[in-house]
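**Student:**
Number of protein chains: 4
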Amino acid sequence: MFSTDIQIRVRYAETDQMGYVYYGNYATYFEVARVEALRALGINYSELEKQGVMMPVLELKTKFIRPAKYDQILTIRISVKKMPTVRIVFDYEVFNESNELLTVAETTLVFVDAHTMKPTQTSNPVTETLNKYFTE
Amino acid sequence: MFSTDIQIRVRYAETDQMGYVYYGNYATYFEVARVEALRALGINYSELEKQGVMMPVLELKTKFIRPAKYDQILTIRISVKKMPTVRIVFDYEVFNESNELLTVAETTLVFVDAHTMKPTQTSNPVTETLNKYFTE
Amino acid sequence: MFSTDIQIRVRYAETDQMGYVYYGNYATYFEVARVEALRALGINYSELEKQGVMMPVLELKTKFIRPAKYDQILTIRISVKKMPTVRIVFDYEVFNESNELLTVAETTLVFVDAHTMKPTQTSNPVTETLNKYFTE
Amino acid sequence: MFSTDIQIRVRYAETDQMGYVYYGNYATYFEVARVEALRALGINYSELEKQGVMMPVLELKTKFIRPAKYDQILTIRISVKKMPTVRIVFDYEVFNESNELLTVAETTLVFVDAHTMKPTQTSNPVTETLNKYFTE
Numbered sequence: 649m650f651s652t653d654i655q656i657r658v659r660y661a662e663t664d665q666m667g668y669v670y671y672g673n674y675a676t677y678f679e680v681a682r683v684e685a686l687r688a689l690g691i692n693y694s695e696l697e698k699q700g701v702m703m704p705v706l707e708l709k710t711k712f713i714r715p716a717k718y719d720q721i722l723t724i725r726i727s728v729k730k731m732p733t734v735r736i737v738f739d740y741e742v743f744n745e746s747n748e749l750l751t752v753a754e755t756t757l758v759f760v761d762a763h764t765m766k767p768t769q770t771s772n773p774v775t776e777t778l779n780k781y782f783t784e
Numbered sequence: 649m650f651s652t653d654i655q656i657r658v659r660y661a662e663t664d665q666m667g668y669v670y671y672g673n674y675a676t677y678f679e680v681a682r683v684e685a686l687r688a689l690g691i692n693y694s695e696l697e698k699q700g701v702m703m704p705v706l707e708l709k710t711k712f713i714r715p716a717k718y719d720q721i722l723t724i725r726i727s728v729k730k731m732p733t734v735r736i737v738f739d740y741e742v743f744n745e746s747n748e749l750l751t752v753a754e755t756t757l758v759f760v761d762a763h764t765m766k767p768t769q770t771s772n773p774v775t776e777t778l779n780k781y782f783t784e
Numbered sequence: 649m650f651s652t653d654i655q656i657r658v659r660y661a662e663t664d665q666m667g668y669v670y671y672g673n674y675a676t677y678f679e680v681a682r683v684e685a686l687r688a689l690g691i692n693y694s695e696l697e698k699q700g701v702m703m704p705v706l707e708l709k710t711k712f713i714r715p716a717k718y719d720q721i722l723t724i725r726i727s728v729k730k731m732p733t734v735r736i737v738f739d740y741e742v743f744n745e746s747n748e749l750l751t752v753a754e755t756t757l758v759f760v761d762a763h764t765m766k767p768t769q770t771s772n773p774v775t776e777t778l779n780k781y782f783t784e
Numbered sequence: 649m650f651s652t653d654i655q656i657r658v659r660y661a662e663t664d665q666m667g668y669v670y671y672g673n674y675a676t677y678f679e680v681a682r683v684e685a686l687r688a689l690g691i692n693y694s695e696l697e698k699q700g701v702m703m704p705v706l707e708l709k710t711k712f713i714r715p716a717k718y719d720q721i722l723t724i725r726i727s728v729k730k731m732p733t734v735r736i737v738f739d740y741e742v743f744n745e746s747n748e749l750l751t752v753a754e755t756t757l758v759f760v761d762a763h764t765m766k767p768t769q770t771s772n773p774v775t776e777t778l779n780k781y782f783t784e
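As given, the protein sequences belong to chains A, B, C and D, one line each in that order. Position one of the first sequence corresponds to residue 649 (this note's numbering), numbered consecutively onward. Position one of the second sequence corresponds to residue 649 (this note's numbering), numbered consecutively onward. Position one of the third sequence corresponds to residue 649 (this note's numbering), numbered consecutively onward. Position one of the fourth sequence corresponds to residue 649 (this note's numbering), numbered consecutively onward.
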């Protein structure tokens, strides 16, 4: 498997009047975690899109266990546990500074040809790079 | 069960450079749908919070089937299929103007006492009002 | 001049932990007001972009006088007070349900050719339609 | 005067279908810049709020010169050019990685007593700390 940790500080804009991070904003944190995980693998998602590979999200599941609060530095542990095919599944665990687990989530993304906007089985930098994490 | 339809027009701010509604923004659409569903039941969520009942989200599951686009009027069909207890589950189906199914989702919320921020079994306007949809 | 009123209900996602609408979210309200003002003039901004006319924002000025709160229905009075040239200036006044003035703002937008992404003097449906409000 | 530089990487969520950062999202960047500028001065805004000092924004002016794009690292140069009184003015210049000026902005904030939600002249950690930048 492949796993890496990303840190994000909670912005004021991301809180709501309950005093917590609004539940919809975690999707953005997961996006940042995915992009930084790819960067850690040597892949620039922005370049990938320019090369014609897009990765829209097919499915998102999130469990909200404890609230995140303003100005906290959140640690997002992002993992790829299975070799991606036309789809890739990312798992997330979000921790606060006291190492309490706040949120767990899973997203499924699909590799899409930017021209046809259809799923593509063609090998791409993401599957090629992740391959070595799943073959020994 | 209880079910109602809500309409929301996609804002420019909600699109991303893929030309679609950003996947994280559906959570906001679901929030609007919940609040309007409660309003259709005669319940004002804002008043509910002032009376000390909060409804944070415990779980969110979303499947993204087709993209939503700028300026489309989305119809969100929101349903409560089981009598709520300390938790309440809302189901969502999002349709575009051609009646194509774009997204399906489910959220689980918990009734929380605003003073203790702990789950509460106490009957509240939501469970009292929904009761009649599940008892005949 | 041309002026019309738009109504927007404040979403939970748009509040922050101060209990007010986050100051950055007014820009989205102004966008909605512009698009609905154009629609009131018979112009669909989405179609306009497809026809190759884009209207990026050059300048935004906002004064925050009183806070807007969750679930309030805001009335946005949007006006065009001068005949647009290559630029168009929109003025905004935001009122709450007690008719208190919450915010005043002004945005300057520029007509841009979507292909060159450069400002264009060419007449377009917006200037053509607004023309009759400024010529008697 | 006091000035410092902050860096922010553009998130996918922050782009719109024009392919640029949505104009409303700069307000969030400016908030992050303010909070980090205060932190550079030894002041934690989150603690400040807990101590009863809030800093709502009274006025925002932004000029959009060039677009910011996905995944770019933006440098925000934030400055306080005048000794704050009951109000404090922050100036911002946003640069891309080629050192091109994208945006200039100015925000005016007011020091508010969190209990009365009214402006307060009482000295506070921000004015005390900034004092030394304006007195020699």
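Think of the CB as a built atom: it goes at the ideal place given N, C-alpha and C, for glycine as much as any other residue. Source: prediction; values computed, not measured.
What in chain D is Cβ-close to B/Y670, meaning under 8 Å?
**Tutor:** Taking the second sequence and counting its residues from 1, the one referred to as residue 670 of chain B is at position 22. Residues of chain D passing the Cβ test: Y660, A661.
**Student:** Using 10 angstroms around the beta-carbon of B/L749, count the other beta-carbons present and answer buried if the total reaches 16, otherwise exposed.
**Tutor:** As a position in the second sequence, residue 749 of chain B is number 101, starting the count at 1. B/L749 is exposed by the Cβ-count criterion.
**Student:** Specify the secondary structure class of C/R682 as computed by DSSP and reduced to three states.
**Tutor:** Position 34 of the third sequence, counted from the first residue, corresponds to residue 682 of chain C. The answer is helix: DSSP assigns C/R682 an H, G or I state.
**Student:** Provide the residue span of the alpha helix (DSSP H) that contains A/T775, from first to last.
**Tutor:** Numbered from 1 along the first sequence, position 127 holds the residue referred to as residue 775 of chain A. From DSSP, the alpha helix (DSSP H) with A/T775 extends over 773-779.
**Student:** Spatial neighbours of B/V701 within its chain, please: CB distance less than 7 Å, with the 5 preceding and 5 following residues excluded, ordered by chain position.
**Tutor:** The sequence position of residue 701 of chain B within the second sequence is 53, counting from 1. Closer than 7 Å at Cβ, skipping near neighbours: F759, A762, N772.
**Student:** Look up A/D739 in the DSSP assignment and give the residues it is bridged to.
**Tutor:** Taking the first sequence and counting its residues from 1, one reaches residue 739 of chain A at position 91. According to DSSP, A/D739 bridges with A/S727, A/E754.
**Student:** Alpha carbon to alpha carbon, how far is A/T777 from D/S746?
**Tutor:** As a working note, residue 777 of chain A is residue 129 in the first sequence. As a working note, residue 746 of chain D is residue 98 in the fourth sequence. Near 30 Å, if we compare the C-alpha coordinates of D/S746 and A/T777.
**Student:** Could you list the residues in the stretch 712-730 of chain B with a C-beta less than 7 Å from some C-beta on chain D, going in chain order?
**Tutor:** Listed in sequence order: Y718.
**Student:** Count the other CB atoms within 10 Å of the CB of A/I721; is the residue buried (16 or more) or exposed (fewer)?
**Tutor:** In the first sequence, the residue the question calls residue 721 of chain A occupies position 73. Under this definition A/I721 is an exposed residue.
**Student:** In the DSSP assignment, find the beta strand (DSSP E) that holds A/E707 and state where it starts and stops.
**Tutor:** In the first sequence, counting from the first residue as 1, residue 707 of chain A sits at position 59. From DSSP, the beta strand (DSSP E) with A/E707 extends over 705-712.
**Student:** Can you name, in chain order, every residue of its own chain whose Cβ lies under 8 Å from the Cβ of C/V774, other than the five neighbours on each side?
**Tutor:** Here residue 774 of chain C refers to the residue found at position 126 when the third sequence is read from its first residue. Closer than 8 Å at Cβ, skipping near neighbours: L686, L689, I691, L696, V701, M703, P732, I736, F759.
**Student:** Excluding the five sequence neighbours on either side, which residues of its own chain have a C-beta within less than 7 Å of the C-beta of D/V658, listed in chain order?
**Tutor:** Position 10 of the fourth sequence holds residue 658 of chain D. So the list reads V669, A716, K717, Y718, D719, Q720, L722, once near-sequence residues are dropped.
**Student:** I'd like the span of the beta strand (DSSP E) that includes B/S746, first residue to last.
**Tutor:** Along the second sequence, read from residue 1 onward, the residue named residue 746 of chain B stands at position 98. It is not in any beta strand (DSSP E) - B/S746 carries neither H nor E in the DSSP assignment.
**Student:** Can you find the residues in the same chain that come closer than 6 Å, C-beta to C-beta, to C/T756, ignoring five residues on each side of it along the sequence?
**Tutor:** Taking the third sequence and counting its residues from 1, one reaches residue 756 of chain C at position 108. Within the same chain, C/T756 has close Cβ partners L706, E707, R735, V737.
**Student:** What number of angstroms, rounded off, separates the C-alpha of A/I712 from the C-alpha of A/P767?
**Tutor:** For this step, residue 712 of chain A is matched to residue 64 along the first sequence. For this step, residue 767 of chain A is matched to residue 119 along the first sequence. It should be noted that the sequence gives Phe, not Ile, for residue 712 of chain A. Each residue's Cα considered, the two are about 31 Å apart.
**Student:** Would the beta-carbon of A/Q665 fall within 8 Å of that of C/T663?
**Tutor:** Working through the first sequence from its first residue, we reach residue 665 of chain A at position 17. Working through the third sequence from its first residue, we reach residue 663 of chain C at position 15. The answer is yes: Cβ separation under 8 Å.
**Student:** How big is the Cα-Cα spacing for B/Y674 and B/F782?
**Tutor:** Here residue 674 of chain B refers to the residue found at position 26 when the second sequence is read from its first residue. Here residue 782 of chain B refers to the residue found at position 134 when the second sequence is read from its first residue. Distance between the alpha carbons of B/Y674 and B/F782 is about 28 Å.
**Student:** Which chain A residues are close to B/L706, counting only those with a beta carbon under 9 Å from its beta carbon?
**Tutor:** The residue given as residue 706 of chain B occupies position 58 in the second sequence. Within 9 Å Cβ-Cβ: K711, F712, I713.
**Student:** Apply the 10 Å Cβ neighbour rule to B/T710 and answer buried if 16 or more other Cβ atoms are within range, or exposed otherwise.
**Tutor:** Along the second sequence, one-based indexing puts residue 710 of chain B at 62. By the neighbour-count rule (16 or more Cβ atoms within 10 Å), B/T710 is buried.
**Student:** Does any residue of chain C have a CB that is nearer than 8 Å to the CB of B/E745?
**Tutor:** Working through the second sequence from its first residue, we reach residue 745 of chain B at position 97. Judged by the 8 Å Cβ criterion, B/E745 is not in contact with chain C.
**Student:** In whole angstroms, give me the CA-to-CA distance for A/Y740 and A/Q769.
**Tutor:** Within the first sequence, numbered from 1, the residue matching residue 740 of chain A stands at position 92. Within the first sequence, numbered from 1, the residue matching residue 769 of chain A stands at position 121. Their Cα atoms are separated by approximately 25 Å.
**Student:** Measure from the C-beta of C/N692 to each C-beta in chain D and report whether the shortest distance is under 8 Å.
**Tutor:** Residue 692 of chain C sits at position 44 when you count from the first residue of the third sequence. No, because no Cβ of chain D sits closer than 8 Å to the Cβ of C/N692.
**Student:** Mind checking which residues open and close the beta strand (DSSP E) that includes D/F650?
**Tutor:** Position 2 of the fourth sequence holds residue 650 of chain D. Looking at the DSSP string, the run of the beta strand (DSSP E) that includes D/F650 is 650-657.
**Student:** Please list the partners that B/G700 has in chain D, where partner means a Cβ-to-Cβ separation under 7 Å.
**Tutor:** As a position in the second sequence, residue 700 of chain B is number 52, starting the count at 1. Chain D residues near B/G700: none, gap ~21 Å exceeds 7 Å.
**Student:** Excluding sequence positions up to five away, which residues of its chain have a Cβ less than 6 Å from the Cβ of A/I654?
**Tutor:** Counted from its first residue, the first sequence places residue 654 of chain A at position 6. Hits under 6 Å: A681, E684, I724.
**Student:** If A/A661 and C/G672 are in contact, beta carbons under 8 Å, what's the gap, nearest whole angstrom?
**Tutor:** Within the first sequence, numbered from 1, the residue matching residue 661 of chain A stands at position 13. Within the third sequence, numbered from 1, the residue matching residue 672 of chain C stands at position 24. Going by Cβ atoms, the distance from A/A661 to C/G672 rounds to 6 Å, so yes, they are a contact pair.
**Student:** Measuring only the C-alpha atoms, how far is C/Y693 from B/T676?
**Tutor:** Translated into the one-based positions of the third sequence, residue 693 of chain C becomes position 45. Translated into the one-based positions of the second sequence, residue 676 of chain B becomes position 28. Between C/Y693 and B/T676, the C-alpha separation is close to 23 Å.
**Student:** If you draw a straight line from the alpha carbon of D/V728 to that of D/M649, how long is it in whole angstroms?
**Tutor:** Here residue 728 of chain D refers to the residue found at position 80 of the fourth sequence. Here residue 649 of chain D refers to the residue found at position 1 of the fourth sequence. So the two alpha carbons sit approximately 6 Å from each other.
**Student:** Nearest by alpha-carbon distance to B/N744: which of B/M765, B/I726, B/R714 is it?
**Tutor:** Counting from one through the second sequence, the residue named residue 744 of chain B turns up at place 96. Closest by alpha carbon: B/R714.
**Student:** Which of the three DSSP states, helix, strand or coil, is assigned to B/T663?
**Tutor:** The residue you call residue 663 of chain B lines up with position 15 of the second sequence. Correct three-state label for B/T663: strand.
**Student:** The alpha helix (DSSP H) spanning B/Y693 covers which residue range?
**Tutor:** Taking the first residue of the second sequence as 1, we reach residue 693 of chain B at position 45. Element bounds for B/Y693: 693-698.
**Student:** Do you know how far the Cα of D/G667 is from the Cα of D/M765?
**Tutor:** As a first step, residue 765 of chain D is located in the fourth sequence; it is residue number 117 there, counting from the start. As a first step, residue 667 of chain D is located in the fourth sequence; it is residue number 19 there, counting from the start. One C-alpha to the other measures close to 39 Å.
**Student:** Could you list which residues in chain D have their beta carbon closer than 7 Å to that of C/A675, in chain order?
**Tutor:** In the third sequence, the residue the question calls residue 675 of chain C occupies position 27. Going along chain D in sequence order, the residues near C/A675 (Cβ under 7 Å) are Y671, G672, A675.
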